[in-house]
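For the sequence shown, the working numbering assigns the number 120 to the initial residue and increments by one for each residue that follows.
Written out below as structure tokens is the structure these notes cover.
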Amino acid sequence: MPETPVFHSLPTVPDHPALEKEILAWWEERRIFDQLRERNRGGPTFSFMDGPITANNPAAVHHGHGRTLKDVFQRYKALQGYDERYQNGFDSQGLWVEVEVEKELGLGSKREIEEYGLAAFARKCRDRVAYFSEVMTEQCRRLGQWMDWDNDYYTFSDTNIEYIWGFLATVNERGWLYKGHRSTQWCPRCGTSLSQHEQAGEENYVEMEHPSLFVSFPLRGREGEALVVWTTTPWTLPANVAAAVKPGADYGLTADGRWVAVARFPDETFARVVKGDELVGLEYDGPFDELPAQDGVGHRVIPWDEVSLDEGTGIVHIAPGAGAEDFDLSKVYDLPVLAPIDESGRMLPAYGAFAGMTTTEVAEPVIAELDARGILVGEGTILHRYPICWRCKTPLVFRVVDDWFISADEIRQPMLDANDTVAWTPPQYKKRMDDWLRNMGDWNISRKRYFGLPLPFYPCECGHLTVIGSRRELEERAVSGLEQLEELHRPWIDAVRIACEACDREVERIPEVGDAWLDAGIVHFSTLGWRNPEWIEHGYATGASAGISGADLPDHAYWEKWYPADWVSEMREQIRLWFYSQCFMAVTLTGVSPYRSVLTYEKVFDERGRAMHKSTGNAIDLDEALDRMGADVMRWLFCSQTPSEPLKFGYELADDVKRRFLTFWNSVKFLVEYANIEGFRPSWAALNLEGDLAPLDRWLLERTHAFVHDAEAAYDAFDTVSVMRGYEAYADDLSNWYIRRSRPRFWQTGGDPAAFHALWYALVQTLRVTAPILPFVADHLWRMLVLDGPESVHLAGWPEVEEPDRALLDEIGEVRRVVALAHQARASAGLSLRQPLRRLVVEGAASVSAHAAEIAAETNVKEVEFGAVDAELRVKPNLPVLGPRLGKELRAVQQALQTGAFDDLGGGRFRAAGHDLGPDEVLVERLGRDGAAVASADGTTVELDTALDDELVLEGRVRELIRKVNAMRKEQGLALTDRIVLTVPAVDEPLLRWEQRIKDEVLAVEIRVDGDVALSISKA
Ligand SMILES: [Zn+2]
Ligand SMILES: [Zn+2]
């Protein structure tokens, strides 16, 4: 052994978190990421646009998943020499942030925010974002994500806001912007309307129990007759103005004078039955006509085709101020709109004794009142799916309010066309995007909140709406308030008054802020300097983000270079959120999709497939997971699961990954240990396999090339699952074929330099392929194995290799299948692999005949023959498959198979009773003659001669002895090179016929025989 070993030795198992921390410090010290960017500067571009993460709380495990994928493909492209931007984004304003700050400050309502003060509230929001963006950055670094962390974009920057203003001005010029007065889903806690795209997720619905009431509305001029309606929202009854019937449906009058739909009460006997049309126009007494709100309101029956005959009574109570469809009907039938609740969901003063109560609180008094008035026909409860606020989980109500909308009519088709140019992974999500675009309503962009994009709308009493498109325009039009404008947020922006474009009157901004998806949707323009004439240093990090980020505002040429993005990647739910908003804005401004390809993925669940929740106790903290399992293990877990299915995550799965990783780790360890013994010293310049190679080395070369090629194709298709599958198969081939077959070449005296070199080549190339997914351990092993090459695997580039010889690989694949069959036959006979056998016959795999010696060695037989196997063939129908196909004919086929009246068509196919049967339609069994074990699969059959003679038994005992001694060497902690003296009991003396072989394989200098003592070894 040389004085100083060439390689550091490896522990039995890696301590992932410890080695990762070392690598992180070393990356920092050697500025590896900076070197990488420098190396690729000016190369071809790979443009990735980061979807901003809300900097609101620490990152969770599912963020770790998304960030891993982003990092993997950026690292892969960097290995291939692509120049990249690496700009990370933080979403930093809107409800997400506001609600957390409200909790932090103990504020419970909008009134309390206003009392606290909007300026102080805005500062708290910014501080929270500044704090958590730092926390998240640390977490992402720990995960191994390489980004330009000093130049993140923050969507609350003034520059970002200005770009949205520009977009809104464009939308206004096109005539798409309008103020709508409509019924909208409303969160009473947040005090704002919410839009279709925010609320559409499955998670925004919960099962809730509500009252179920049957109420009668006495008809006027029809003594003793009343309509019966059904409702689950008692709070809407005081705002009732109409009752709707289905015009063509039958309605019956019961003996006690109640009108209901006949279809709903089939067992009832009716005194009269009429069509719904005949009830239309009738007037009735409302349930709460005495309330001031109901003053002057007449109640009548209206027709409505959408009345359901699946629930209720078939007569629907209509309150246009408290329901979306009700509101639409009010337009058609000119019904009064009574709005019963204020923005915090409390009944308004015009509702008498109910005033001030919430929609929930008011239920009981309403029911009591109906009962007292004798119009409560029935009362119960109902369990149904009910929408809750996506942000704060409060049950939603409907309110009629003014909101600002962007019409989707004209942009819909261009967006569909743009989506047609996008490559989606998995491909089925493209259709989901199309579905969303076909069904999207107008974009509700206004929120009645505080810390968000200030909508630059200045309506004037002259009827003109001024929409400010930039800060400069604001400054030009401003008549007061500019001097106090610290940043483009409330309250400062509210104090700026401008002159109306049309009449010069002084006008003020509407109080609303914008939908947060405007903030994230504009970043393809705001961060890349669209239409910006000159590059401005730190020009993006303005307003609230000044001092937090250093991001520049590039110039228009830069935008042209990087737009559209080659790739974006987010969770599937972003189809209706970020993918939608960025597509909407980009198609509006440029007519083309802002991204060329998308990778999208499902949610992360626990290892049993349940949603992770803090309340159920199965949530896993990202930091803890990074500390306990390590980042590489986490990344492996994420990358090995199909993105279109829910991902499983947990510590048991992590342990499994750690175990699987050992196959490769042990291969490196094997090389390192024997290389240190033999003094093998590889050189980077010789990273190739050339010349006359031993057959096994040739195979390893081709196998490595195939691995590199397949991984490249998978990475190019954004398919990490195939990369990992290929890697595991390759690691298995390397360890369980190449190394096992080559072992003696490593430990025989002097070693075989060609074997060392081939193995080193394979290990080094593997590190380059796996570096994007396992960046830490790849670099850890790289630094150990590569002595004079690039200092980091991430600086080594992607391996360029030749087309693999697939024919050779298939041939060896076949050899491995024959060996596996032989092992299976041996196991069925209960014989250990250490027991040599005489003969193996192989039928049906002629292409491997050149490898008889290898097969003999691998299967521990003296002789391999190729030819027919003498075995009885038994074929049975695979009933679950064949039954449905053959029906009555099955019997005849079954009988033919049973009596042996069938033809073997080869390749696992048979013909019986006139039917051709495929390999999956039959179960094939081959029974060996006595003294033979048979195994068969896919047209290949092997027969193992299981007869033992004294000679074979003795040799089996020799192999068993060698195994025992080597196990003892390990137990006693001997070094691989230590020589021993072996003492065997007299009973083992006959084994010494193989004395030299035993000595060679256990490194014994002497073998002693000593009566009936136990087997023992001692260091020589
Ligand atoms: Zn809410
Ligand atoms: Zn005006």
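Every residue, glycine too, gets a C-beta built ideally from N, C-alpha and C.
Q. Short check: CB of Lys990 to CB of Leu1046, under 9 Å?
A. It is worth fixing the name first, because residue 990 is Ala in this sequence and not Lys. With contacts defined by Cβ atoms closer than 9 Å, Ala990 and Leu1046 form a contacting pair.
Q: Report whether the distance from the Cβ of Thr709 to the nearest heavy atom of ligand 1 is below 8 Å.
A: Checking every heavy atom of ligand 1 against the Cβ of Thr709, none is found closer than 8 Å.
Q. Is Ala374 helix, strand or coil by DSSP?
A. In the three-state scheme derived from DSSP, where H, G and I count as helix and E and B as strand, Ala374 is classed as coil.
Q | Asp1035 to Val934 span [Cα, whole Å] | A | Near 30 Å, if we compare the C-alpha coordinates of Val934 and Asp1035.
Q.
Residues in the same chain with beta-carbon distance under 7 Å from Asp674, minus the five sequence neighbours each way, listed in chain order, please.
A. The residues are Gly648, Asn651, Pro652, Glu653, Trp654.
**Q.** Cβ-based neighbour list, Ser947, same chain, cut-off 6 Å, excluding 5 preceding and 5 following
**A.** Closer than 6 Å at Cβ, skipping near neighbours: Ala1052.
Q: Leaving aside the five residues before and after Pro891 along the sequence, list all residues of the same chain whose C-beta is less than 6 Å from its C-beta, in chain order.
A: Val191, Arg194, Tyr195.
**Q.** Check whether Ala915 and Leu819 have beta carbons under 9 Å apart
**A.** Their beta carbons are not under 9 Å apart, which means Ala915 does not touch Leu819 by this criterion.
**Q.** Candidates Thr164, Gly1050, Gly442, Asp1057: closest to Asp1039 by CA position
**A.** The candidate whose alpha carbon is nearest that of Asp1039 is Asp1057.
Q: From the DSSP output, read off the bridge partner residues of Thr646.
A: Listed as beta-bridge partners of Thr646 by DSSP are no residues whatsoever.
Q. Val132 to Leu781, Cα distance in whole Å?
A. If you take the alpha carbons of Val132 and Leu781, they lie about 7 Å apart.
Q.
Please list the terminal residues of the continuous beta strand (DSSP E) segment that includes Met327.
A. First-last of the beta strand (DSSP E) with Met327: 324 to 337.
Q: Using a threshold of 9 Å, state whether the C-beta atoms of Ala975 and Glu930 are closer than that.
A: No.
**Q.** Three-way DSSP call (helix, strand, coil) for Gln1091 in this model
**A.** Under the three-state reduction of DSSP, Gln1091 is assigned to coil, being neither helix nor strand.
Q. If we ignore side chains and look at the alpha-carbon of each, how far apart do Gly1026 and Ala1054 end up?
A. Rounded to whole angstroms, the separation of the alpha carbons of Ala1054 and Gly1026 is 15 Å.
Q: Rank Gly769, Ala438, Glu321 by C-alpha distance to the C-alpha of Ala362 and give the top, closest one.
A: Of Gly769, Ala438, Glu321, the residue nearest in Cα terms is Ala438.
Q. Where Phe275 and Glu148 are concerned, what is the direct C-alpha to C-alpha distance, given to the nearest angstrom?
A. For the pair Phe275 and Glu148, the Cα-to-Cα distance works out to about 33 Å.
Q: Please name the residue in Arg754, Gly963, Gly185, Gly869 whose C-alpha comes closest to that of Val896.
A: For the residues Arg754, Gly963, Gly185, Gly869, the minimum Cα distance to Val896 belongs to Arg754.
Q.
According to DSSP, Val960 sits in a beta bridge with which residue or residues?
A. Glu984, Glu1062, per the DSSP bridge assignment.
**Q.** Minimum Cβ-Cβ distance from Ala319 to chain B less than 9 Å
**A.** Within the model displayed, chain B is absent; a lone protein chain is all it includes.
**Q.** Rounded Cβ spacing between Ile501 and Ser716 (contact assumed at less than 8 Å)
**A.** About 46 Å separates the two Cβ atoms, so there is no contact after all.
Q | 6 Å CB neighbourhood of Glu797 in its chain, flanking five on each side removed | A | Gly870, listed in sequence order.
Q: Count the C-beta pairs between the stretch 165 to 184 and the stretch 587 to 604 that are closer than 8 Å, then say yes if the count reaches three, no if not.
A: By the criterion of at least three beta-carbon pairs nearer than 8 Å, the stretch 165 to 184 is not in contact with the stretch 587 to 604.
(Q) Could you tell me the alpha carbon to alpha carbon distance between Val1128 and Lys788, rounded to whole angstroms? (A) In a straight line, the C-alpha of Val1128 is about 35 Å away from that of Lys788.
Q. Helix, strand or coil: how does DSSP classify Pro121 here?
A. At Pro121, the pLDDT of 47 sits below 50, so the modelled position is not reliable and the matter cannot be decided from this model.
**Q.** Residue environment, Pro863, which counts as buried when at least 16 other CB atoms sit within 10 Å
**A.** Only exposed fits Pro863, as fewer than 16 other CB atoms lie within 10 angstroms of its CB.
(Q) Is the beta carbon of Ala848 closer than 9 Å to that of Thr839? (A) By the CB criterion at 9 Å, Thr839 and Ala848 fall outside the cutoff.
Q: Could you give the DSSP three-state label for Thr173: helix, strand or coil?
A: When secondary structure is reduced to three states using DSSP, Thr173 falls in the strand class.
Q) Skipping 5 residues on each side, what residues in its chain have a beta carbon closer than 7 Å to that of Val776? A) Taken in chain order, the residues that qualify are Val752, Trp755, Leu756.
**Q.** Continuous alpha helix (DSSP H) assignments of at least 4 residues falling wholly in the stretch 432 to 514
**A.** Counting only runs of 4 or more, we get 443 to 452, 482 to 491.
Q.
Under 8 Å: does the beta carbon of Ala597 sit that close to some heavy atom of ligand 2?
A. No; taking the cut-off as 8 Å, the Cβ of Ala597 has no heavy atom of ligand 2 nearer than that.
Q | Integer Cβ distance of Val451 from Val364, believed to fall under 8 Å | A | Contact annotation, Val451 with Val364: C-beta distance approximately 15 Å; criterion of less than 8 Å not satisfied.
**Q.** Own chain, CB closer than 7 Å to Val994, minus 5 neighbours either side, in chain order
**A.** For Val994, the CB contacts under 7 Å within the same chain, skipping 5 residues up- and downstream, are Leu1016, Phe1021, Phe1029, Val1041, Val1043 in chain order.
Q: Take Ala926 as the anchor and find which of Val967, His181, Met731, Val711 has the nearest alpha-carbon.
A: When each option's Cα is compared against that of Ala926, the closest is Val967.
Q) Under three-state DSSP, which class holds Thr352? A) Annotated three-state conformation of Thr352 is coil, per DSSP.
Q: Would you please state the rounded distance, in angstroms, between the beta carbons of Val360 and Leu457? I believe it to be under 8 Å.
A: Contact between Val360 and Leu457 holds, since their C-beta atoms are separated by about 6 Å, short of 8 Å.
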